[in-house]
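See below for the structure under consideration.
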Amino acid sequence: MEAKGVVVITLVLSLAAAAGAARPKETTMGLTRRGLASEPMTHLHFYFNDKVSKPSPTSLYVMDDALTEGPEPESQPVGRAQGMYMSTGLAKLGLLQVMNLVFTHGPYNGSVVTVLGRNGPFGNVREMPVIGGTGTFRFSRGYAQLKTHTLDLKKNDAIVEYNVYIMH
Ligand SMILES: *[C@@H]1O[C@H](CO)[C@@H](O)[C@H](O)[C@H]1NC(C)=O
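Residue numbers (my numbering): 20 to 187.
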């Protein structure tokens with residue numbers, strides 16, 4: 020009986036201690052949350068011009084594909100997608116894609132975003148992780164969503180819409 024009383028008192032005391040500690044804890048969490056909120060979030064939108072056909076293919080598993088503002092290949096250039104993709108799915112088509120999005124125009128000229136992930140090219144919307152970056156995009160993390168805009172099955176050329184969301 021007496022032992023039980025001690026346990027109850029101890030419990031009440033520890034609850035009181037927890038309540039007392041609640042305020043400073045909240046403040047710390049508030050600061051952490053504010054810290055995260057102040058981290059810039061950038062949304063990039065562009066089109067990836069994967070040209071496999073002749074003349075002047077820019078992609079044969081290793082790519083240096085143009086990134087453009089619009090889906091038309093002659094629209095304003097944004098940068099280049101430099102990297103490679105390999106078929107790594109045995110049962111179902113899946114690519115391991117690793118590339119640097121090298122910005123050559125506009126406010127991000129000179130900065131790079133590095134993407135590495137799985138691309139199932141016939142999926143509706145595919146997602147790949149952003150694993151880092153340089154320049155403006157140092158400490159980057161985020162994701163890229165890809166949607167095929169046009170696919171020429173004769174030439175195997177594709178225009179792919181990219182939406183990239185980055186915290187940095
Ligand atoms: C991008 O930056 C490079 C290096 O600073 C510069 O030579 C080039 O003119 C810039 N390109 C554009 C389109 O501003």
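Ideal placement from N, C-alpha and C gives every residue a C-beta, glycine not left out.
Say the cut is 6 Å; is the CB of H62 nearer than that to a heavy atom of ligand 1?
As a position in the sequence shown, residue 62 is number 43, starting the count at 1. For ligand 1, no non-hydrogen atom lies closer than 6 Å to the CB of H62.
Compute the Euclidean distance between the alpha carbons of G98 and E180, then round it to the nearest angstrom.
Your numbering for residue 98 matches position 79 in the sequence shown. Your numbering for residue 180 matches position 161 in the sequence shown. Roughly 14 Å separates the two Cα atoms.
Secondary structure at T87, three-state DSSP: helix, strand or coil?
Residue 87 sits at position 68 when you count from the first residue of the sequence shown. Three-state DSSP puts T87 in a strand.
Assuming G152 and V131 form a contact by the criterion Cβ under 8 Å, report the distance between their Cβ atoms to the nearest whole angstrom.
Counting from 1 along the sequence shown, the entry for residue 152 is found at position 133. Counting from 1 along the sequence shown, the entry for residue 131 is found at position 112. Indeed, because the Cβ distance is near 6 Å, the residues count as touching under 8 Å.
May I have the straight-line CA-CA distance separating P148 from R157, to the nearest angstrom?
Residue mapping note: residue 148 aligns to position 129 of the sequence shown, counting from 1. Residue mapping note: residue 157 aligns to position 138 of the sequence shown, counting from 1. Cα to Cα, P148 sits roughly 15 Å from R157.
How many angstroms separate the CA atom of L63 from the CA atom of Y184?
The residue given as residue 63 occupies position 44 in the sequence shown. The residue given as residue 184 occupies position 165 in the sequence shown. Roughly 7 Å separates the two Cα atoms.
Local conformation of P96 per DSSP, three classes:
Residue mapping note: residue 96 aligns to position 77 of the sequence shown, counting from 1. Here P96 sits in strand by DSSP.
For E146 and F65, what's the separation of their Cα atoms in angstroms?
Walking along the sequence shown from the start, residue 146 turns up at place 127. Walking along the sequence shown from the start, residue 65 turns up at place 46. If I take the Cα positions, the gap works out to 15 Å.
Use the C-beta contact count for S78: other C-beta atoms within 10 angstroms, 16 or more gives buried, fewer gives exposed.
Taking the first residue of the sequence shown as 1, we reach residue 78 at position 59. Answer is buried; the Cβ neighbour count reaches 16.
Span of the beta strand (DSSP E) holding E146?
Taking the sequence shown and counting its residues from 1, one reaches residue 146 at position 127. Here the beta strand (DSSP E) through E146 covers 145-153.
Beta-carbon proximity list for L135, same chain, < 6 Å, skipping 5 on both sides
Locating residue 135 in the sequence shown gives position 116, where the first residue counts as 1. The beta carbon of L135 lies closer than 6 Å to those of V117, I150 in the same chain, with the five residues before and after it left out.
Neighbourhood of Y80 by C-beta, 8 Å cutoff - its chain only, sequence neighbours within 5 removed:
Numbered from its first residue, the sequence shown carries residue 80 at position 61. Close CB contacts of Y80 within its chain, under the 8 Å cut and outside five residues either way in sequence, are with M103, Y104, M105 (chain order).
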